[in-house]
Structure formats: C-alpha cells, structure tokens
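Visitor:
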Amino acid sequence: MIDWAELGASAIAVPDARRDRERRLAELARDVVGAAYLRGDFVLSSGARSNYYFDKYLFETKPGILRRLATFMAELVPPQTDRIAGTELGAVALATALSLETGLPFVIARKGTKAYSTARLVEGEIYPGDRVVVIEDVISTGAQAIRAANRLVEVGAHVLGILAVIDREQGGPEAISAAGYTLTTLFRRGQLGL
Amino acid sequence: MDEARVAALLARGGGGTGEDEPAGRPPKYNGLTDPAGVEELGRLLVDRLRAVAPTTIVVWEDPEDVVLGHVVARELGLPVVRAWDADGLVGHSAGLPETPRVVLVADAIRDARVVRAARAVTDREGGSLVATAVLVGTPELHSVADEAGECFALIEAPAVEAG
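Those sequence lines, one after another, are chains A and B.
Under the numbering used here, the residue at position 113 of the first sequence is numbered 113, and the numbers go up by one with no gaps.
Under the numbering used here, the residue at position 128 of the second sequence is numbered 128, and the numbers go up by one with no gaps.
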C-alpha cells in the first residue's frame, strides 16, 4: 500500500535539499571571499596595478573552509577516478582535503624541477593508465593547470578533467578546452562579486 | 663593440641569440659557468648605462640574471633588487628606494610582462624605469620598447641571424 504521506514528504524534501545545498554553497563562497579578498595597492605579475588582490592562501589554510570545499568538490569527482593530483603549491592543501574526503590517493604535480634537484615532476605514486582528476585552486589563464595535466599525461596517466575552486574568467576555460581537457569549477569570479 | 666577441662569450655561458633554437628563443645565458665571461659582458653593459644615471638595478627571478645584475651593479656602485612572480603578484627583495631610477638587467627578455612588472613596481615607488639592459635583444623586448626606458642590447638576434 502506498504511503502518500511519506511520498509527499520526499517530494518536498528534494527541493528542500537542493535549496539547502545552494545555501551552504553560497555561504562557502562568502567565506572564501571574506578570507582571501584584500584591498590595497598591488602590482600584478602582468605589470598591471590593482586595488585588490585575491590571496588564495588565505582560504586554503583555513580548515573550516577547506573541509567544506572538499565536500562540494567531492561531488564533482567522477566515480571512475583512481587518483587526484594537486598542483604545487596551493592546490596541494585542497588535494589533501579532497583525498581525505573521498579516500582517493593523490599526487603532487610540481611547477618544475631544479637542475640540482632529485625531485620528479609528479610526486607520489602514479601508474600508467591511472585515471586522474587535476585539482587547482584558482584558474586564471589556465596555463598552470594545463602544464600539470600535460605532466600527468607524460607519465602515462589519463586526465579525466580539471577541477578548480574559482574561475577568474580570464580565458582559462577556453585555453583548457583548447588543450583538450575539461574544466569544472565551484565558483566563477562573477558569482563571487570580485 | 665586437659582436663576434659577444657571441663567443654568450656561447661560453650556454647562451646565444636563439638562431639555432627550434622556437628561435635565446637559450638562457648562465654566467655562473663562466665568471670571466660574465664580468666582460657585464662591463660592456655598464659602458652604456652610465649615461642614464641609474640608482638601482632590478633583476627578475633567475639566479643567472642575479649574477649578471651583480656585475653591472658592482661596477656602477648600485644595489641589486631581485623581483619575482609570487602567485600573480610581484614580490621583490628589500632595497628598492623611494623614487628610484631603475635599470632592468637580464640576459634577454623572453616575456614582455617582465618589463611591465618592473615598470609597475618602479612606478609604485615614485621612480622610473630608465633603461632595460640585455645581452640579447629580442622581439619581446622591442614589443614593449615604449615601456622599457632606453633599451640596450649587446647583440640582436635578427642581426646574428642575418650574419
């Protein structure tokens, strides 16, 4: 016998759950901006001057934010993923949090190696054929994420996609797509009011 | 100045004009491997820089350029400030005075943003980028010539290519 009351409750609960998720995501966005948005006189490496700077390390070093980021990012990790890869330096904290959240092992993709170093371009255990999701904190031009993905391909991994916290809307998605990768982000710059 | 001599000194430090490189970009000159050579190249730059009366030498990130910048700065009796890309912001070592007259020193400019960043940092301190001094002139430098102050190059990649 159908319990209409129970069914009715479920039908109501689904949109409620969605609204709750959206509310928690909006809170997280506000907290990310609150932690990392700085006002001042900054010189960007492009040579441009800016009256604000988004210091990603300020949100990546707060456990309350990291934990919630990992929860939302975990929803976006494809189920067939074998391993995640954090790009040096900031995304390593994100990859660690996401690894703890999902139970997936992670590797660290280095920016580069020094001539005198014994370090590898990809630190950690990785095998040819591993299906990997690249984790990035902030996507600007996408160049760093593409480099990391290329390095993983060089060691034989299959890159399922790039997953980032923020798209600064500076051509990153287009560049990443042109490089043959897919990008998923939690937030776009416009959504954050930056 | 003898361009053949400059080319020979560049080669001793692993550098060059890039004419033999697939992308035509000058390989990085490393004065660490040829102290006598970097002394000679640095002094050649100094000869041209005295006229712009700089007060500070700025180099961008690379240790190789720090070595070249040190030679230039020592000959001129000036401090060296090292600047770098710190996750999208320009960071720099201590010693950038107020209203500096800056010369950016590098073996070559491979990214126009380096010139723009040096200029922006200098502008913020109320100073001016009076010159950019390089061993090898590149299209990237010439693309920002109006922002680089006076441009001094010991050798030009196209000239060597033509020769």
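Heads up, the beta-carbon is just placed ideally off N, CA and C, and yes, glycines get one too.
Let me see if you follow: with CB-CB separation under 9 Å, is Asp41(A) close to chain B or not?
Guide: yes
Visitor: Figure out for me which residue from Ala145(B), Pro139(B), Leu135(B) and Arg74(B) has the closest Cα to the Cα of Leu166(B).
Guide: Outside the shown range of chain B (1 to 163) lies residue 166(B), about which nothing can therefore be said.
Visitor: Distance cutoff 9 Å, beta carbons only. Does Tyr116(A) sit that close to anything in chain B?
Guide: For Tyr116(A), the predicted model reports a pLDDT of 49, less than 50, meaning its position is unreliable and no value from the coordinates is stated.
Visitor: Please determine, among Glu64(B), Leu141(B) and Glu150(B), the residue with the shortest C-alpha to C-alpha distance to Glu156(B).
Guide: Leu141(B)
Visitor: Tell me whether Thr182(A) is buried or exposed, calling it buried when 16 or more other Cβ atoms sit within 10 Å of its Cβ.
Guide: Residue environment for Thr182(A): exposed (fewer than 16 other C-beta atoms within 10 angstroms of its C-beta).
Visitor: Considering only residues of the same chain and omitting the five flanking positions on each side of Lys62(A), which have a CB-CB separation below 7 Å?
Guide: Ala35
Visitor: Closer than 6 Å by C-beta to Ala91(A): which residues in its own chain qualify, once you throw out the five before and the five after it? Chain order, please.
Guide: Ile135, Glu136 and Asp137
Visitor: Using the beta-carbon count (16 or more within 10 Å), is Ser140(A) buried or exposed?
Guide: buried
Visitor: With 16 as the cutoff for other CB atoms within 10 Å, does Glu161(B) come out buried or exposed?
Guide: Reliability of the predicted coordinates at Glu161(B) is poor, the pLDDT of 43 falling under 50, and the value obtained from them is presented with this limitation in mind. Exposed is the call here.
Visitor: Determine whether the Cβ of Arg110(B) lies closer than 9 Å to any Cβ atom of chain A.
Guide: no
Visitor: In chain A, which residues lie less than 8 Å from Leu89(B) when you measure between Cβ atoms?
Guide: Phe42, Val43, Leu44, Ser45 and Tyr53
Visitor: Starting from Tyr57(A), trace the alpha helix (DSSP H) in both directions and tell me its first and last residue.
Guide: Lys56 to Glu60
Visitor: When DSSP labels each residue in this structure, what does Asn150(A) get in the three-state scheme?
Guide: helix
Visitor: From Val159(A) to Asp20(A), what does the alpha carbon distance come to, in whole angstroms?
Guide: When rounded, the distance between both Cα atoms is 32 Å.
Visitor: Could you please tell me which residues of the region 118-139 of chain B, in chain order, have their CB closer than 7 Å to any CB of chain A?
Guide: Arg119, Ala120, Val121 and Arg124
Visitor: Could you list the residues in the region 119-151 of chain A with a C-beta less than 9 Å from some C-beta on chain B, going in chain order?
Guide: Under the 9 Å Cβ criterion, the region 119-151 of chain A contributes Val138 and Ser140.
Visitor: Taking 9 Å as the threshold (beta carbon to beta carbon), is Ile2(A) in contact with chain B?
Guide: Since pLDDT at Ile2(A) reaches only 47, below the 50 mark, its modelled position is unreliable, and the value read off the structure follows with that caveat. Not one chain B Cβ lies under 9 Å of Ile2(A).
Visitor: Below 8 Å on C-beta distance, what does Ala48(A) contact in chain B?
Guide: Arg116 and Ala120
Visitor: Under 9 Å, do Gly47(A) and Ala133(B) count as touching if we go by C-beta distance?
Guide: no
Visitor: I need the boundaries of the alpha helix (DSSP H) containing Lys165(A), first residue and last residue.
Guide: Going by the sequence as given, residue 165(A) is Val instead of Lys. No alpha helix (DSSP H) contains Val165(A), which is instead part of the beta strand (DSSP E) from His158 to Asp167.
Visitor: Could you give the DSSP three-state label for Thr87(A): helix, strand or coil?
Guide: strand
Visitor: Mapping the DSSP letters down to three states, classify Arg164(B) as helix, strand or coil.
Guide: Outside the shown range of chain B (1 to 163) lies residue 164(B), about which nothing can therefore be said.
Visitor: Under the three-state reduction of DSSP, which class applies to Arg49(A): helix, strand or coil?
Guide: It is a strand residue.
Visitor: At the 9 Å Cβ level, is Leu89(A) part of the contact set with chain B, yes or no?
Guide: Yes, Leu89(A) lies at the interface with chain B (some Cβ there is under 9 Å from its Cβ).
Visitor: If you draw a straight line from the alpha carbon of Ile146(A) to that of Ile176(A), how long is it in whole angstroms?
Guide: 6 Å
Visitor: Indicate whether Gly15(B) and Val67(B) have their beta-carbon atoms separated by less than 9 Å.
Guide: no
Visitor: Does any C-beta atom of chain A lie closer than 9 Å to the C-beta of Ala94(B)?
Guide: no
Visitor: Have a look at Ala11(B) and Thr122(B) and give me their C-alpha separation to the nearest angstrom.
Guide: 32 Å
Visitor: Return helix, strand or coil for Leu44(B), following the three-state DSSP convention.
Guide: helix
Visitor: Ala109(A) and Ala148(A) look like a contact to me (Cβ under 8 Å); what is the Cβ gap, rounded to whole Å?
Guide: 4 Å
Visitor: Consider the Cβ of Ala106(B): report whether some Cβ of chain A lies at a distance smaller than 9 Å.
Guide: Answer no: the Cβ-Cβ gap between Ala106(B) and chain A never drops below 9 Å.
Visitor: Is DSSP giving Gly163(B) helix, strand or coil here?
Guide: Caution applies to Gly163(B), whose pLDDT of 32 falls short of 50 and renders its modelled position unreliable; the model cannot decide the point.
Visitor: Between the C-alpha atoms of Arg131(A) and Ala157(A), what's the straight-line distance to the nearest angstrom?
Guide: Each residue's Cα considered, the two are about 6 Å apart.
Visitor: Name the one or two DSSP bridge partners that Glu3(B) has.
Guide: DSSP, once it has assigned bridges, lists no residue as partnering Glu3(B).
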